[in-house]
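Visitor: Read left to right, the sequence shown gives residues 1 to 145 (the UniProt record's numbering).
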Amino acid sequence: METLPIENQKGANKRSGCRRYFFMVLLVLILLGGGYVYWHYYNVFGDGVKSGILKNVVRKGQIFKTFEGELIQAGIKGAVGGGAQSNNFVFSIESKRIYDTLAIHSGKRFDLHYKEYRGALPWRGNTVYIVDSIIAMTDAGVSPF
C-alpha cells in the first residue's frame with residue numbers, strides 16, 4: 001500500500017477547508033436573505049382601524065387576481081399645488097368573504113381593521129394595507145356640504 005506524502009495531505013485539507021468556508025458564507029447569506037424577506041414582506045409593521053364611506057371594491061390582476069378597495073375618509077387634505085381633495089384609503093382585501101360583504105354594501109360607512117406591511121406581494125394585493133375584518137357598518141348619512 002502506498003502512502004501519500006505529507007505535502008499532498010495538507011493540500012487536500014486546505015481545499016476542504018476552503019469549500020467548508022464557502023458553504024458557511026453561502027448559508028449565512030441565505031439566512032440573512034430569508035430573514036430580510038420575512039421582515040419586509042411577512043412581518044406586520046402596524047395595524048389599525050380606518051373609517052369612511054366605501055367608494056368601490058374590485059377584483060383585478062393579470063396573473064394573481066386580488067381584491068382591492070377604496071374608502072373615502074372624512075376630512076380634507078391639501079392637494080399638490082394648492083386646492084383640496086378628499087382623504088382616500090386604498091387597500092387590499094384578505095378574503096373573498098370580506099370582499100362579498102363590501103361589494104353588497106358599497107356606499108355605506110365602514111370601520112375596517114387593517115394590517116400594514118412594509119412591502120406588497122403580488123398574490124396578497126397591490127397595496128401594503130390589507131383589510132382583514134369589518135368592525136362596523138352603518139348607513140352613510142347625508143353630508144352637510
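For each residue, glycine too, the CB sits at the ideal point set by N, CA and C.
Every value quoted in this text rests on a predicted model; they were computed, and no experiment measured them.
Measuring CB atoms only, is the region 49 to 66 touching the region 21 to 41, in the sense that at least three cross pairs come out at less than 8 Å?
Guide: Counting Cβ pairs under 8 Å, fewer than three are found: no touch.
Visitor: Using only the alpha-carbon positions, how far apart do Arg-97 and Val-28 sit?
Guide: Answer to the nearest angstrom: the Cα atoms are 41 Å apart.
Visitor: From the DSSP output, in three-state form, read off Gly-33 for me.
Guide: In this structure, Gly-33 counts as helix in the three-state DSSP scheme.
Visitor: Would Val-131 and Gly-119 qualify as a contact pair, given that the criterion is a beta-carbon distance under 8 Å?
Guide: For Val-131 and Gly-119, no; Cβs fall outside 8 Å.
Visitor: Please say whether Phe-89 and Gly-52 have beta carbons closer to each other than 8 Å?
Guide: Yes, Cβ-Cβ distance for Gly-52 and Phe-89 is below 8 Å.
Visitor: According to DSSP, simplified to helix, strand and coil, what is Ile-63?
Guide: Here Ile-63 sits in coil by DSSP.
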